[in-house]
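Here the structure is laid out as structure tokens; the discussion comes afterwards.
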Amino acid sequence: MPHTTGCPLLFLDVDGPLIPFGSPSGHPRTTAAGAPKYDDRGNPLLTRLDPELGTRLTTLGCRLVWATTWGEEANEVISPWLGLPRLPVVEWPTLRTQEGPRGLHWKTRHLVEWADGRPFIWVDDEIGAMDRLWVDATHPTPSLLHRVDPAKGLKNADFAALTDWLASLKRRRTQHEAVDPPMTGDANWLS
Numbered sequence: 725m726p727h728t729t730g731c732p733l734l735f736l737d738v739d740g741p742l743i744p745f746g747s748p749s750g751h752p753r754t755t756a757a758g759a760p761k762y763d764d765r766g767n768p769l770l771t772r773l774d775p776e777l778g779t780r781l782t783t784l785g786c787r788l789v790w791a792t793t794w795g796e797e798a799n800e801v802i803s804p805w806l807g808l809p810r811l812p813v814v815e816w817p818t819l820r821t822q823e824g825p826r827g828l829h830w831k832t833r834h835l836v837e838w839a840d841g842r843p844f845i846w847v848d849d850e851i852g853a854m855d856r857l858w859v860d861a862t863h864p865t866p867s868l869l870h871r872v873d874p875a876k877g878l879k880n881a882d883f884a885a886l887t888d889w890l891a892s893l894k895r896r897r898t899q900h901e902a903v904d905p906p907m908t909g910d911a912n913w914l915s
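With my numbering, you'll find the sequence shown wraps up at 915, consecutive numbering, no jumps.
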């Protein structure tokens, strides 16, 4: 049964959305207050992480979940840099076989399973048309699969798209509640 109450999930990839791949001239080289000290042995792209993204992500009001091949390392390295708490991590299968139709990203099926009927946003730089079609056909509640330009990372336009979708979801829930009030459940997300 779909989860129609509670805050939506936000599945978050790291490489591309948070750590852009484009030319270094277009990205800030920052060090966050709680971030580990940068050293040459680490990932040189970490300084492209914008510490403000953590605040912007948390103010969306979603339950943030790492959906990245960084796994638990995202909590150890990325979370402190962005000022985020430890987040749940989607565990990927050891063997990444291409199941499903041609063009379906290997993450898609696992994210739908992890969402377990809850509304969700997936922010990644590798989302394609087949992923959207498959989620629309197999997931019972609203979802937004938002592709980020990997050369630029998350920008104002991306946050505007996420905010607009969340506002639309809130309106749909409010309309649904007016027609069919819940017997029980957590409607706190609507307030």
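Each residue gets a CB set at the ideal place from its N, CA and C atoms; glycine is no exception.
Exercise for the section: On a CA-only basis, which of Thr865, Pro864, Glu815 and Arg871 is nearest Met854? Give me that one, please. Expected result: Arg871
Problem - Cβ-based neighbour list, Leu777, same chain, cut-off 7 Å, excluding 5 preceding and 5 following - result: Leu742, Leu806 and Leu878
Practice task
Under 8 Å Cβ to Cβ from Gln899, same chain only, skipping five residues before and after it: list those, please.
Solution key: none
Problem - Buried or exposed by the 16-neighbour rule on C-beta atoms within 10 Å, applied to Arg895 - result: Counting Cβ neighbours within 10 Å, Arg895 comes out exposed, since fewer than 16 surround it.
Exercise for the section: Determine the direct distance from the alpha carbon of Ser803 to that of Glu823, and round the result to whole angstroms. Expected result: 31 Å
Handout entry: DSSP bridge partner residues for Arg871 (one or two, in chain order)
Key = Arg871 pairs with Asp848.
Practice task
Could you tell me if the beta carbon of Leu878 falls within a distance shorter than 7 Å of some heavy atom in the ligand ZN?
Solution key: Although the ligand ZN was asked about, the structure shown includes no ligands whatsoever.
Problem - Residue closest to Thr793, alpha-carbon to alpha-carbon, out of Phe844, Arg780 and Val738 - result: If we check each option's Cα against that of Thr793, Val738 comes out closest.
Handout entry: Counterpart residues of Arg787 in DSSP-defined beta bridges
Key = Beta-bridge pairing by DSSP links Arg787 to Leu733.
Practice task
Within its chain, find whatever has a CB closer than 7 Å to the CB of Cys731; leave out the 5 residues flanking it on each side and keep chain order.
Solution key: Gly785, Cys786, Arg787 and Trp913
Practice task
Inspect the beta-carbon positions of Val814 and His834 and report whether they are closer than 8 Å.
Solution key: yes
Handout entry: Assigned secondary structure, Asp840 (DSSP; H/G/I helix, E/B strand, else coil)
Key = coil
Practice task
Whole angstroms is fine: what's the gap from Val847's alpha carbon to Ser867's?
Solution key: 11 Å
Handout entry: Environment of Ala875 [buried if 16+ CB atoms lie within 10 Å]
Key = Its Cβ having fewer than 16 others within 10 Å, Ala875 is exposed.
Problem - For Arg780, the nearest candidate out of Asn799, Ser892 and Ala881 (CA to CA) - result: For Arg780, the closest of Asn799, Ser892 and Ala881 by C-alpha to C-alpha distance is Ala881.
Problem - Burial state of Ala884, where buried means 16 or more other Cβ atoms lie within 10 Å - result: exposed
Handout entry: Supposed close pair Leu736, Trp790 - CB separation, criterion 8 Å
Key = 6 Å
Handout entry: Integer Cβ distance of Gly827 from Gly852, believed to fall under 8 Å
Key = Right, their Cβ atoms sit about 6 Å apart.
Exercise for the section: Kindly indicate which residue of Leu886, Leu893 and Glu850 has the alpha-carbon position closest to the one of Thr865. Expected result: It is Leu893.
Handout entry: Contact under 8 Å by Cβ, Thr818 with Val836
Key = no
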